[in-house]
Structure formats: structure tokens, C-alpha cells
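Structure, as C-alpha cells:
Number of protein chains: 6
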Amino acid sequence: MARPVTLFTGQWADLPLETVAEKAAGWGYDGLELACWGDHFEVDKALADDSYIQSRRDILEQHGLKCWAISTHLVGQCVCDDPIDARHMGIVPSRIWGNGDAEGVRQRAAEEVKNTARAAAEFGVEIVNGFTGSTIWKYLAMFPPVPPEMIAAGYKDFADRWNPILDVFDQVGVKFALEVHPSEIAFDFWSAKRTLEAIGSRQAFGFNFDPSHLYWQMVSPEAFIYEFGERIYHMHVKESVRQLDGRNGVLGSLLFFGDHRRGWDFVSPGRGGVPFERVFRALNDVGYDGPLSVEWEDNGMTRDQGAPEALALCRRLDLTPSGQAFDAAFASKD
Amino acid sequence: MARPVTLFTGQWADLPLETVAEKAAGWGYDGLELACWGDHFEVDKALADDSYIQSRRDILEQHGLKCWAISTHLVGQCVCDDPIDARHMGIVPSRIWGNGDAEGVRQRAAEEVKNTARAAAEFGVEIVNGFTGSTIWKYLAMFPPVPPEMIAAGYKDFADRWNPILDVFDQVGVKFALEVHPSEIAFDFWSAKRTLEAIGSRQAFGFNFDPSHLYWQMVSPEAFIYEFGERIYHMHVKESVRQLDGRNGVLGSLLFFGDHRRGWDFVSPGRGGVPFERVFRALNDVGYDGPLSVEWEDNGMTRDQGAPEALALCRRLDLTPSGQAFDAAFASKD
Amino acid sequence: MARPVTLFTGQWADLPLETVAEKAAGWGYDGLELACWGDHFEVDKALADDSYIQSRRDILEQHGLKCWAISTHLVGQCVCDDPIDARHMGIVPSRIWGNGDAEGVRQRAAEEVKNTARAAAEFGVEIVNGFTGSTIWKYLAMFPPVPPEMIAAGYKDFADRWNPILDVFDQVGVKFALEVHPSEIAFDFWSAKRTLEAIGSRQAFGFNFDPSHLYWQMVSPEAFIYEFGERIYHMHVKESVRQLDGRNGVLGSLLFFGDHRRGWDFVSPGRGGVPFERVFRALNDVGYDGPLSVEWEDNGMTRDQGAPEALALCRRLDLTPSGQAFDAAFASKD
Amino acid sequence: MARPVTLFTGQWADLPLETVAEKAAGWGYDGLELACWGDHFEVDKALADDSYIQSRRDILEQHGLKCWAISTHLVGQCVCDDPIDARHMGIVPSRIWGNGDAEGVRQRAAEEVKNTARAAAEFGVEIVNGFTGSTIWKYLAMFPPVPPEMIAAGYKDFADRWNPILDVFDQVGVKFALEVHPSEIAFDFWSAKRTLEAIGSRQAFGFNFDPSHLYWQMVSPEAFIYEFGERIYHMHVKESVRQLDGRNGVLGSLLFFGDHRRGWDFVSPGRGGVPFERVFRALNDVGYDGPLSVEWEDNGMTRDQGAPEALALCRRLDLTPSGQAFDAAFASKD
Amino acid sequence: MARPVTLFTGQWADLPLETVAEKAAGWGYDGLELACWGDHFEVDKALADDSYIQSRRDILEQHGLKCWAISTHLVGQCVCDDPIDARHMGIVPSRIWGNGDAEGVRQRAAEEVKNTARAAAEFGVEIVNGFTGSTIWKYLAMFPPVPPEMIAAGYKDFADRWNPILDVFDQVGVKFALEVHPSEIAFDFWSAKRTLEAIGSRQAFGFNFDPSHLYWQMVSPEAFIYEFGERIYHMHVKESVRQLDGRNGVLGSLLFFGDHRRGWDFVSPGRGGVPFERVFRALNDVGYDGPLSVEWEDNGMTRDQGAPEALALCRRLDLTPSGQAFDAAFASKD
Amino acid sequence: MARPVTLFTGQWADLPLETVAEKAAGWGYDGLELACWGDHFEVDKALADDSYIQSRRDILEQHGLKCWAISTHLVGQCVCDDPIDARHMGIVPSRIWGNGDAEGVRQRAAEEVKNTARAAAEFGVEIVNGFTGSTIWKYLAMFPPVPPEMIAAGYKDFADRWNPILDVFDQVGVKFALEVHPSEIAFDFWSAKRTLEAIGSRQAFGFNFDPSHLYWQMVSPEAFIYEFGERIYHMHVKESVRQLDGRNGVLGSLLFFGDHRRGWDFVSPGRGGVPFERVFRALNDVGYDGPLSVEWEDNGMTRDQGAPEALALCRRLDLTPSGQAFDAAFASKD
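In order, the protein sequence lines correspond to chains A, B, C, D, E and F. Once you know that position 123 of the first sequence is 110 in my numbering, the rest is easy, because the numbers rise by one and skip nothing. Once you know that position 83 of the second sequence is 70 in my numbering, the rest is easy, because the numbers rise by one and skip nothing. Once you know that position 267 of the third sequence is 254 in my numbering, the rest is easy, because the numbers rise by one and skip nothing. Once you know that position 266 of the fourth sequence is 253 in my numbering, the rest is easy, because the numbers rise by one and skip nothing. Once you know that position 120 of the fifth sequence is 107 in my numbering, the rest is easy, because the numbers rise by one and skip nothing. Once you know that position 215 of the sixth sequence is 202 in my numbering, the rest is easy, because the numbers rise by one and skip nothing.
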């Protein structure tokens, strides 16, 4: 009702953008959040070739779709990550991976994110969503005992690497929206708070609010919204479920998504536990009027069943504040 | 009532063993589980110097204490861990750390664990508790996408490194009991299962059952006992609490223990959520008759208040099965 | 399915009845519960002017709508209330408010409720819903210590003021249905019980059952129905939500509706916690066959989105008892 | 989406099959699970009269319906039951009841079940669903104290009576699917396990999985599926609700279904507590690709409202696994 | 504090009364509730031999113990039970069992209960606790469909058999207290209500309130007390635990007590889930001032550990109402 | 262990202070929090008569008791309350009540609170606990609709009346600690926040933290402590219980304390739901080192049973932070 609903194309990058656009428009989506992988939004081509950006615009327009954000999760992940290994090689282009030397990968990734901001500006969108990576995520167990300085160093490394990137964002008038997520510098409520502090809470940096990553951690999506509301620059409609039966643990047992022994999993929106009704109200309260962008991940069903189902969920639950107290009508007017 | 209660000395290693023994005996403990750090049980001295082991026995006997197990958590951690860094340097002797080259540390640690088995045999205890480390714990987030082979490789690395160690355990008639714990090769129910599979479920390897690490992960301690009962070679009476209030997440936010913003924390036994009454019954059901060994960690109170409190908990809740049905007394005997 | 669904016009009284009727009929409602404020059902005109009642009938008929009840919540509130102050001035006509002298307001309100019964009879409806006010609601904290006689006096004051009113209801063959609600003489299960006792459980007085006011108090709507079933003369489909996060308290903090810091709030039916499916079954069990009347209050969305959504909820969940055991078909008939 | 949806005709056996088929087809069902009572599938006629089976096929085909299973719950119940009394007389044909001598009834019932397998084979369906009865269900209270031999004897009686029946099933290539249910030899998780053991887990015997009977007992339907998955030969979409309010107990108080004082009851699918979404996923995980067969029982609403509602639930929640990891699309392809 | 605490000797009947008395007195119990089996209180001897009753008194007096009630659970069970089988043979004397003819057993049991009342009167106690048996408990599953007349007949059978017994109780001034329990005519809240109705709520019949049987059924012990308060003639401090983990069901799977796969079990008071603190308050509210009688059943521990532990629980939690409002001290007295 | 435990004498004011002191000392209390009613601490005498204060000191010293705070709940209540009625007459001295004119009572009460600060200073205590009253508590239902200005006016009235009082507190170096409580200007989390804002968060005003009033409102005592920690000047160990069974509502039904139909009630510490263990830890975290002052209210038991029981609870659960990380002992020291 109130907000446009877009489809994030990251999980559809095996298909040409043309195909994804046709599907999304057919289901009734209002727009796409373009992934910077597959052929959906290629940063290098966007900056090199004037016609490329127009080609993306054409595809969208032909299907009556809009675009409010592009996303660089995979390259962004490499900026701070440690270790850099085969996992990263699998998800970034060879021009970023290069010879795979860790620090080289990180620096090339950082440059690519700067270029992503520049390309976004050219394309006319104000938000780049993405990941940051982290040198300290791996210390999660806090054993062997972690000296406080090691934690502090991790946040500082993030600031050192991202401040120059954010300078570019400022220059081109675009904002970066981190998706708070395991393996990132911010992965829950308190780490999000410390992340903002690490960079002096500069305006160029905010969040792509995705409740699915908070829900299974037992963090309240609403609490996150009320605390960080003005920094919510974008949002993902993504869902997770807890399946804690005494054997399945909340850490997931290093099992793959879709395995019923995991203590939590991603599922199609509406089939898990995220309180979307309350989430949409909270987003209204903090004034978020950007798109509801469906990020669809569910190993237990087909995406072609899931995507229209998720859209229907958004249409049914989203709501516009009335701007008027319901008991105003009680007033005596004589 | 039924089982002896011991105090694990790991968190008291800043004190001489003499002092710890005097305290424990004064509170009424039946014995000590000796840590292989501080001066409590030094493996190198035990093997080098005939009088050292006798000196440990003397201290125990003077206070009427027994010993059923020694523990090598800190050195054991280095055997498989990756990365090896400043955290490890802080907790192992310099003869293990050496020049800090990672693979060298791992190999020296492996040799030390073998020696620990030998020393245990000389000392006359049948159980060595400890950690294993893990190369794959750090992939917990499962993002960037982790190929199945990387997980498999982690379990294989564990098997490759520990099978030779366990051969020594078999030779000297001692068993290794892994404490299932974050940052180890087994940290929950399903990873414990796969860990046993990785080494062909050989008898030399079992578990030091510690419910505090399972409880906060929402894994049922009872379910663990019934599944792995015959491999429970030792147990820790340690406690944790969940303090999930919508802001605190279950991953702990990289905050230090004792910080109220953590989603869970260690506390003195009886002050958290571990269902010790049910745990003791389940241990009876699987036939565990070893010691209840108090591992005391609570940053919010003094250990001198906590240790006797934990002992009292064990005495109150532990119980002996009757071996007789309660309705046997209904039988008509005429 | 089973029961007609009506829209209570109280929250739409800023619009002319003609407009409300058109909207409601367009959404598919079966009828309206007319508020005695705005221009929806004006008691003074109804009694003074023969054509007025016909004009209301005409509007309803033109849109194919029926009417089973009218409502006098605002004037009814003044009958017993104490104190009488600016809040009341805001909601009653100046002919009731007069000079604002408290006792005068109460007595004029009492006369108006009698006239409302007379007007209802002329209009041909058998139920007048409404509030009563209360002199003792304000003692809810029970501190400073409240002598039992003060509580008893409050119930007696209610009986003294309402018995003469109910006499008029009996004379004209109409019943009064109190909406159990904070600030009224009956606001929960036990106060409802004592309220009935205070007036000898006379038939002229029953309840307009509204589960939204019970749910947030943790009173079971079903328990209320089974206890007071034969006195349920009308019902409101209204919804509330509990948003108790450790900071928000169940008393609401004197914050206005729609503020996310309130511990509970009114929301559009289906978006809160009232168990409407069980409520409709329970109403079947006690034989309630009157309308399901949607009272719509939700400061977080527009009433034009909410009203058809609430109607759809009723249509989907309401149900007709089968009058036959499902296992009757198992009977062997040869 | 994934699986066909059928209607079990047992609760519609007061109507001619022709009528039921017309209704089901009109609502959009894919097929019928025919009850062996009423005129729906009469075993004696099927074996005696060549045209009877064709007449059933004709009715189904005329309405575009298929059949995957027939059901013999009522006769099956008599095979092991004790006592045999008026309850059984009410539900079996007089040719089974005969003079009502208990052992005679049991043996005639056993022969009838054999014939049902033969008739199923002729009809071309591979599954016969049904009950078994039990001599030991009545000892549920375990008081007066029950000697272990009495329990063992009950499982043996089951094996002795059903093995010869299952021999016939094997001969004709049909399987028997017991609906785990109070009053049967298997009524929960552990009794199901012991039941399989009693007959050496022979393949001819499996389960008609019905989550409604597990849910109110607090047994997890998912846990049942993962344990007994390969023995799930058929499934019922049937629903139950728990209404435990402190007075209503989980044993049901010997009150009839539909009485609100029962601690649990059967209700129309979607109106109770069975986690159908998780159930359908679990069935996918164990490879069940048979029909979702709606068994409709709800004394609080009409079956004509309920049957299409249940079908809609299945269509909405059922799902097809994607066979592809969602993060496969992240792979860099250059 | 407030009420005496007694030990029910039923589970100790393998020991001579002399031994039980010595133990109980040693632990600090105030008295014994004597079982009418073993040698504790033999009804036939009590009526036949003048010195027998005095011998019981002597044993009690020698240990400073009192007696408020005797108990005939085992014989009482036979009065209405059906079937009568080996279970009953195991628990009643051969003079009751006779040739084992069911109706003969029932009638001899009925006579014995009458004699028990007479013996109680001679012994000077006013309460006989016990069971009744039931012809309809076995129909708990309500399948095969149970005609309402069968249920009604069961309650009538109870009334027909017990009214003559209760006539004797009235004659000798003693009351019968049924322990509401599975396998009895009353086993939960609603069956207790119908049981009272069946005998016209005559005063000779009340309840031996035992919360352990209600708790696992999810019936609130407090709700039972407030409903049936004036009929609570005696009470048992007995405990149960729910261990519902998704596999264990609430019906207990026909597994023996003490098996961890049961969904519930009996445990030593304080080690399960019965809310004894609230129970003792509720008993105060309804004016129960009889003994708290510990019935100890826990297959997981020894009775010699459990009995003093249960006594300590009673001493700690029992409480005396103050008879004065706490805010009375606020009154200004000048 | 860590903090002194005192007994608040308010509920013992019917006894002479001498008697209360003797009891408290006998049970082992460390001190008393003296109520300014009864003869415990009479403000007028304290200021008028030099020997009075010494007499109080003498009584305390004779019993080895200390005093950290005095309390003026009853008089404080009158400062802002509206209405002023018979309830107030019952609890304040006639010199405050005077002719009962509401505004006169308020002003005399305000002067008395100033004098209480002066007397406290002379007596040598730094904290005066108390209530404030409120003109807006009675608007809790928010119906009839309350204009925002009415709420604002209530907070302003509080500021206008209390700022001059607090000026006196500042002058004499004493602080006022409001007990957040229904019927006061601050009664929950958000009203406490707005109360502080109303007076510019001046240091003279803080809170007497009493978790019992927060718990039943579903406000987290820990959340309150972390938000308002530096303003917690004193604390009460008082307990409440929730007894919400579907009939009892959280508003209490205007029933008196001790009535089991109330949805919540006050009970002896340890017998309700306040998480005292977590509360004491949180108080440590914010640095509260004042007394734990037992305020004992429980209509269901005698205060002479309750007071020592509450003291034992404090001694058992209170705890001293260790000031040292538990894993510090892991450090390698070679």
C-alpha cells in the first residue's frame, strides 16, 4: 500500500537481467534492487561504457520497473575480511581476485566499492547496499581469551579501510548501507552501535535493515529500528525461522542451509518468525519511506513460487499511518 | 550424595596448588581436577622428575583430596587451531609457543598432549580433559558461501592430527575427553556427532560433558547425554545464563564476559539456566559414575563465594537411583 | 458466513452518515451500528422530529444496510463518572454539558440515556450499547489504602444511578449493553461479576463484548464468554496488541495511542493478539447470533485500508456449527 | 503445488459416493481416499462382483478424480481390540459383528482386512490405511501396576494377529499404513517404534502419518517424520487444537468432541496448532510424494465450509524443493 | 509451620510399620498416613482383634507420631474397575481376590471398604483415602465412537456401587476422600465435577487432593482447589515432572515410571513442576487445615534421601495467613 | 555478602520502634529504614525536641542497628494528589489533614516533606524515600480522550510543587528518592523518564528502586536499573507475583491484596517472580552500594515468618563482583 516493493536480484544472477525483469514485472513488483554481479549491474562496464547504464535503464523501463538501490555485497565482503580464501575466490570477478594475495584482494575490492558509488551516482540511485567483511568476526567464541585491544583493532581496521571509501560516497552524493549480518563488522545490536562509533557516525554510512539476520539471534528487529532509525537507508524483506528442538543449536552446526538439523534457516517471507507487521509499523515510526526489497532465499522451495508469495505478503501487511487520532471523531462539534 | 564432587583448578591457577587444595578441602570438596597450567600439574616436570608426581600426590593427600582427571585445555586448543595468533601466545608456555610459527605451534602442542597422556598414566588418572581447536570454526557464518569440501577438510584435519595422539592414549591406557565448546571441532550436538564419525568413533576419544556451553546455544543437555552417553568420560558443573532482552543477541556482540549487554554469560552454578537436576538424572541413566567437577566462572562474584555455593548445589541435587520400583511395595504378599 | 457483519460508526462520526453508509456498503458490510454522535443518530432529533428516524432508515435502505444496535458511549460515560472535567466537555453536546457542574452533567446524561432507549425503540432496534462511567475506577492503584466501603459505595452509586435508567429500558423493551472497558464500572472479569450483582442481575443490563479490552489485561476473552454468555447482547470486533519489551509497561505510561512505547495499543483486527477464531467458536457455544460489529481503531494505518480488511477477517473466520457429530458418518447402517 | 490433494471420504459416508465426488471435484480436489464404509468402497462387493470396482472408477473419472489409497479404519480396529463391545457393533457391518463374540469378531475382521488388501490390488491402489486396535491401550494409566510381561504380551498379540494379514498384503503387492492414534497399538513416538520392532520392521507395514494425533500429545510431528520417514506411506491433513486453560486437561475428561471443556479437540485444518508448513517441508526432506489427504473433523463448523478451506491451506503451504542452493547464484562466472 | 506433615506409608509397605515409624520420626515427621496394606493397618485384624488397633496406636505413640487418615487405594480400585485382571490380583489380599471372578472381586472389595470405614472409626480417624476404579476410564480415546449413554452408565455404575458404601461411612462418621487419578472415576477437573453430581454431592464423599496427577495433565492445581475446596478432605504432597521434548508424549507411551522417554513422571517433591507455594496458599484460602501428607514416588532416587527432603520442602513453603492487612500499619492513629 | 540488609519499618508501625528493633536485630538485620509514621521517626518531634533524635539513635545502637534512610511515603503522597479524600485522612496525622481542604492538605504536606529533609539531615541520613502523588494518574485509561495538555499539566504541577521542596533538600544535603509506584507521578519506565525531564533531572531527586511494582507491569527491573542507574539512591527488596489464569486481570479488579482473584499481588520475597539474582547483579553494574531494604507485604503469611525468610534470601543471592576476569588465571607466566 504505502511503499514500493522491489525484488533484490542477487539470488537470480544466474539469469539475464532481461529475464528477471520480465518475471518481476509479471508478478507485480514495482522495481528491482540490482545486484552488482551476474550481468545485472556491472560496475566496470557502467563506468567504461556510456551505453551500458542506458541499457539497464531500458530493460527496467520496458517492464515498468524502477530502481532505488544497487548492491555490492560480494565485493564489499572482501574489503576487511580475514582470512581471504577460496570462499572469496568463488564470488568475486577475477579482476578483483587477481593472484589471490589477501591484502591485494582487499585493496582491489575497496577500489571497486568506490567505483560502485560512482556508478550508482551515474545511474541515478542514492543507495549502495553491501557488506564490509571483518577481521574480528572469527573471534566470536572469545576463547582463547581475546585481549580488548584485538577487538578494538578490528573496529579500527574497519574505519581505516572504509573512511576513504566513504569519502568517495560523500563526493558523489551516495550512501552506503551495510547489511548487519554474521561475518560483517556489525552483526547485531551492540556491534552495530560500536561500528557507528568507529567512524564517528558519519552520514555516508548507514544500514540496509534486514530482520532475518537479527531474528534468529534473538535480537528484536523493532528494537533495532527504534535505536538506529535515522540510519536505516534501505531494507530487505527476508525471512528466517528458528527450529530449535533440543538437538539443533542456534549456531547451526556448520550444516548447509536447507538442512533440517540447523537450529535456524532462511525461508520464504511469511514462512518463518520475523514479525513483519510490527517491523513495517516501526519503519513508519522512524520515517522510512524507501522500498521494501524482497531478498528471497529458501532452499526448500522454488524461487518462482516464493517471489510472488513474498510480494503478496508485503502488499497485505504494509500500511500507511493515518496522521489522525482515531478518537478525534468523538469530538463534540456543536 | 552419589558421586564425588571435585573442583577444577583451571580458574585458580594464579594460586599455588597448595593454596587451592587447602581452600577446596576446607569447603568440603572430595577432590581436584588438576589443570596442566600454573604449577598445578606440569607435564614436563612430571615426565622429567620422579619426585614431581609424588609432590602432587602429597599435596592432595594432606588435604584428603582425590584426583580423577587432569586437564589440558589450553595446549590442546593449539593442535588444530587456525589462525594461531596472540591469543594462543598468551596461554601456552614459551616452549610450546617457540617462535610462534603456526604449524610449529600446532605440532609442539600435539607432542605435549601425547606427553600429557603419558604423565596422566604415571600419575594414575585415566582421563585427560581438553580442547582440540578447529580450522573450520571460523566459517560459522557460512558466508561467503562455504564449499562442502572445506567443511569436510576441517574434520579430516582434526582426524589427521588427533589419531596419532589418540594412539598414544591407547598405548598408555588413558582416554581423552573433549569439552564440547565454541571454537572446538565439536561445539554442539551435530558437530559432536560428525566429530566422532571423523575418527571412526574410537574408544580413546570421548567427551568432558559441560552443559553450560550447550544451554545458551539452546541445545538440550539431556538430549546430548542420551545420544552420547557412553562417550561421556567426565563432566563439568558449569553454569550459563541467557539474558536475551531484544537487544542482547545470542552471539554475544564481541563483548567480554561479565558485560550485561551480552546475550549469554557464564555464572556461578545455580544462578543460571542449566537444568542440573535433570542433568544428574540423565547421567545416572547412562551410567556415568565419575566426579561432578565444578568449573567456576562468573565475573560478577568472587570465586571464594562461588565455590562453596556450587558444591552445596551438587550435594543437594545429586541423587542415587533406587534400583527398585516405587510401586513394588503395593504387592500383596499373602 | 454465520453472522452479519456491521461497522460501528463511532470512529467515522466526522463524516456524514450518508458517506459512511456508502463506504460500508461498498466494502460489503451487512449493516451499521450507529453512534449517537456526529449526525449518525441524534437522540434529540429522533424524539422530536418524526421524519428524522425515517431519514436514517432511508440512508440505510438505499445502501442495503441493516441496523441491530445504536451506541451511546460518550454520554453514558458521564452518568457515573468522577471527576467530570474537560475530557467530558470535549465529547458531549453542549445541551448535556450545560454549565459543566458535575452533578448536573451526570443527571442530564442519565436523562439522555433514557431518551436513547426511547429513541431506539422507535427506531426498532433492541440494543443500546454504551459506557457507564465509574466513581471508583480512579482507585485502581489501591493506594492510599482504600477502605472496602469506598469500593462498595462505588458499585452502589452505579446501581442507584442506573436502576432508574434501566426501568425505562424495560418499559420500552430495549436492553443496555455495557462495553467492559477501563474507566467503566466493569473493566474486567471480576468487576463485571460484581457489577451484575450490584443491580440484581436484572435482564435489562448486559454486555457489549469487546475482546480488545480484555486481551491486553491478560483476561481470556473465551473465559469471559463462557461465564457471562447469556448476558452478551452485542459484540465488537476490535483488536489490541501487547508490545511488552521490558521497557514498555502494561499500564501504558500515560502515552497516547499509536506511540510505540505503550505496552499495549489498539490495532486493526487481525494485526494484534485477540484469538478471534476461538472467540467466534465460544460465541457459537453460548448461542450469540447477533452481529459482529467492527470497531476500528488503529493510529498506525488509515481506516479506509482497515475497514475492508477487518470485514474480510470476519468472513474468513466466522463459522456455523454443524449440528452433527463428525463421527456420525462412521455408523454402520446395514 | 507439489503434491496432489485428496479428500478422505470417511466423514462423508452418510452421502453416496456420487455426491461426495461431485462436491470434491467442485472444490478443486485432485482425488479421493475412499473409506471402506458407507457405499464408498465395499470390500465384499469389490471381490464378489466384477462390475463394482468399475463403478467406483467410473464415478471418479466422471469428476476427474484419482485415488491413491483406500481406508479400513473401522474394521481394522476390531482385529486386536479388547474389549469388543457396543462401540464396535456400531461401526462394523453385521457380517463382521456376527453374534458379537469377541474373538469371532476379531477373526472376521482380520479376514476382512486381508480381503481389503486383495480388493485394493484389484482396484489398483497400493495403500490401505487403517487402524489395528490394541489389547493394551487400556493400561495407559499404568495403575494398578502393570507387569512388563503384560505390555510385552500386547505387542506380541499384535504381531501374531497382523503378520498373517501382512503376508496377504505382500502377496498382492499392497502396503498397510497404520494411522498412529490413541486406542491403537501405536499411538505416539515410542509406541510406534516398539510396534515396528514387534513385526521385525517388515516393509508391508508403515504409517498413515496424521499430525493431529501427535500435536495434542505434545509429540513433534516433524520429529516423527524424521524418525519414521521411510515408513510414511500416506498422510492425513487433519488438525487439532489445545485449549488448556487450567481447568481443561489434556486427557479430555471423557467429554465429547466439540465440548469447549475438552483440553484438546479436532478442528478444521488451519484453525488449530499443527505446524503444517514445517510438516510439508519435513515430508519433502524424507521424500514423501504421495497425496495430502484431507481428513476433516470439526464439530464446530459445517463440513461444506471446511473442506474447501482445508484444500486452500494445502495449496498455499505445500512447496517444492528447489534442488539448488540459493547462494549458487553468487558464483562468479568470469 | 502451619500444618502437620505426615508420611503416607503406602510406598513403604514392604517394611514393618515399626521400622517406618522409626524412620519418619527420626526425620521429624509429625505423623503417618497408614496404608491398609502390608502390616501397616490391616482392616480384618482391626475389626477382629481388639488388641490390633491398640498395637498400631502404641507404635505411633512410641515415636511421637499422630495419624489423621488411613488409605485403601488398592482395594478401593477394585470396586468399580473393569476389566479385573492380573494387575488386581497382584495388589489385593487373597481373601478379596478369591477365585478372581470379576464381579465377586468387586463385591468383596466393596465390603472391605465398608469395613475400612468401620475400622477407621474404631481407630479414631475421620478420613479414609482411596481409589474407586472405573468402568469407563478405558474409553478415554473416545474411539471407536462412544455413545453418550456408555459414559453416563459409567458414572451411574459408580454411584450404584458407592452409595451403599458411603451409607456406612455416614453411619460411622467417617468420610471417603477419592484421590483424583488416572484410572479412577474422577481423573481431572471436569470428571471430578461430574463424579460429585453422580452421587448428589453427598458430604460423605470428597477428595484427597494430589496435585501431581493434575500437573502433568496441564490442569491447574489451584483451579481445582478453588472449585472443590470444601470437598478437600485430605492432601498429598506428591510431585510430577513434564519432560516433553518433541519425542516424549504426554500419554507416557506405555513405558514404566523412571524411563526417561516418558513424557511425564513422578519425582521427589521439589524436583518437578508442581507449584507447591501457590498450592499451600490456595489451601489456606479454602480453609484446609489437615495434614500435608507426603506420598513419595521417584524411581530415580532412594526413598531414604527423598523423604526428609520432602519434609523440608513442606516446612519451608507452608505458611500461616496473617489475618491482618499489611497496610493496616499505615493508619494514622493520632 | 556485599551490601547491608535493612528492614523497612513501615509495615510494623503498629509496634513501638523498640519492639521492631529487637525483632530485626534478633533475625540478623544490619539496620532499619525508619518510617515517618507510628512512633518510628516523628518529624515534628525530631525538629522540636533535641532529645528525640538521640532517643532513636539509642534504640538503634542498643540493638547494633544502623540507619541509611528514612521514609515519608504517606505524607509525600498528599503533595500532588488529586482528589484528596478519606483515603488520605486515614494515613496522615491530623496536623497535616487539618480541615481536609484539598489544597491546604497539599501545602501542609509539602512543608512536612521539607521538614523531613531537615530532620533527616539532623539525624545524619542522606536519603529520604517517599511518594509524590499525582494529578494525572487517574487518567490512566486515556478515555474519555485526554488532551496532551492535560498530561503536560500534570507533570508541570509536579515540578511546580516539588522544586521548592527539592531546594530545601539541596540546602541540607539530603536527597529525595521516589518509589516508582502506581498512583505516583512516575509509575513505570517511560513515566519515570518524563518525570526526570520535568524537573531538569536535578540531582536532589532520584529513585527508591522497588522491583515489585515493575514486575507485575511487565517492566523489566534490570532495564530500569541500566537506564536510571545513577539515580538509584536506595532500593527495596519487595516481591510481587502474577497470577494470571485467564480470569484474573493485570489491573487487579479493585480487589483487596490477598484475594486470589487479583491478577497480581504482593508476596514475601522469594515467593513471587522478581528476578532478584539479576537485580542484584545489575545494581552492582551501576555501582549501587547502599542497603538492600526489605519491605515486607504479604497478606498470606505472618510477617514474623516472612522477615527472616527475606533476610536469608538477600544473604544468599547478594554478591560481590570479583574485579578480575575469570580467564585471567589462564595466562601463561613463564
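Ideal Cβ positions, reconstructed from N, Cα and C, are used throughout, including at glycine.
Beyond the five residues adjoining it in sequence on each side, E:Ala210 comes within less than 8 Å, by CB distance, of Phe176 in the same chain, given in chain order. Within chain F, Met288, Thr289 and Gln292 have C-beta atoms less than 8 Å from the C-beta of E:Thr307, given in sequence order. Taking C-alpha positions only, F:Val254 is separated from F:Met288 by approximately 9 Å.
By the 16-neighbour rule on beta-carbons within 10 angstroms, B:Thr6 is exposed. In the three-state scheme derived from DSSP, where H, G and I count as helix and E and B as strand, A:Val155 is classed as helix. Taken in chain order, the complete alpha helix (DSSP H) segments of 4 residues or longer contained in the region 235 to 286 of chain A are 263 to 272. Annotation: Cβ neighbours of E:Arg268 in chain F (cutoff 8 Å, chain order): His247 and Gly287.
In the pairwise beta carbon analysis, the region 166 to 185 of chain C is classified as touching the region 140 to 148 of chain C: at least three pairs are separated by under 8 Å. DSSP places F:Met137 in the helix class (H, G or I) of the three-state scheme.
For C:Ile114, the uninterrupted beta strand (DSSP E) run begins and ends at Ile114 to Gly117, by DSSP. C-alpha of C:Asp157 to C-alpha of C:Glu109: approximately 14 Å in a straight line. For D:Ile219, the pairing in a beta bridge is given by DSSP as D:Phe194.
For B:Arg258, the C-beta contacts it makes with chain F under 7 Å involve Glu264, in order along the chain. Your pair D:Pro80 and C:Asp314 does not check out as a contact, with CB atoms roughly 17 Å apart and the cut at 8 Å. Neighbours of D:Ala56 across chain C, judged by C-beta separation under 7 Å, do not exist; the nearest C-beta is about 18 Å away. At a beta-carbon threshold of 7 Å, the residues of chain D lying near C:Asn271 are Gly287, ordered along the chain. D:Asp175 belongs to the set of residues whose beta carbon lies under 9 Å from a beta carbon in chain E. In terms of beta-carbon proximity, C:Ala316 lines the interface with chain D, with at least one pair separated by less than 9 Å. For the region 195 to 213 of chain B, the beta-carbon criterion of a distance under 8 Å to any beta-carbon of chain E is satisfied by Ser207, Glu209, Ala210 and Tyr213. Taking 9 Å as the cut-off, the Cβ atoms of E:Phe(-5) and E:Ser42 do not count as close. Leaving aside the five residues that flank F:Met76 on each side, the residues in its chain whose CB is nearer than 8 Å to its CB run, in chain order, Trp84 and Gly87. Take the alpha-carbon of A:Ala35 and the one of D:Arg302: they are about 49 Å apart. Within the region 79 to 96 of chain F, no residue places its CB atom closer than 8 Å to a CB of chain C. Chain-ordered, the chain E residues with CB closer than 9 Å to the CB of C:Pro132 read Ala312, Asp314, Ala315, Phe317 and Ala318.
Secondary structure at E:Thr(-7): strand, using DSSP grouped into helix, strand and coil.
Taking the C-beta atoms as reference points, F:Ser178 is found no nearer than 9 Å to F:Val161. A straight-line Cα-Cα distance of about 23 Å links C:Leu165 and C:Gly239.
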